[in-house]
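Residue numbers (our numbering): 897 to 983. Where is the CB? At the ideal position from N, CA and C, for every residue including glycine.
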């Protein structure tokens, strides 16, 4: 998805990552990154954001608590961080 967005003139994607090991892939594509964790404060990650594609997940090796925390509550947090005209 980010490759498609990166190759358009209408979007400037910013990838939210939580681990330094993920950064190089986006650097190689010349995509800006911001470090954040869905289970923590996200305000800094939304400073230049007006649209979000939620493509995160807790993974298949986590329990129901992480599924709720990351997949459900993380998505809700991201929604409320967006400007009202973008929701």
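Report buried or exposed for residue 949, applying the criterion of at least 16 other Cβ atoms within 10 angstroms of its Cβ.
exposed
Where do the ends of the beta strand (DSSP E) carrying residue 921 lie?
Note, residue 921: premise wrong, no beta strand (DSSP E); alpha helix (DSSP H) at 919 to 924.
Is DSSP giving residue 913 helix, strand or coil here?
strand
Verify the contact flag: residue 910, CB atom, against every heavy atom of the ligand FMN, threshold strictly below 6 Å.
Because no ligand of any kind appears in the structure shown, any question about the ligand FMN cannot be addressed here.
Just reading off the alpha helix (DSSP H) that residue 939 is part of, what are its end residues?
Taken as a continuous stretch (DSSP letters only), residue 939 belongs to no alpha helix (DSSP H), as it is neither H nor E.
Distance check for residue 957 and residue 930, CA to CA, integer angstroms please.
25 Å
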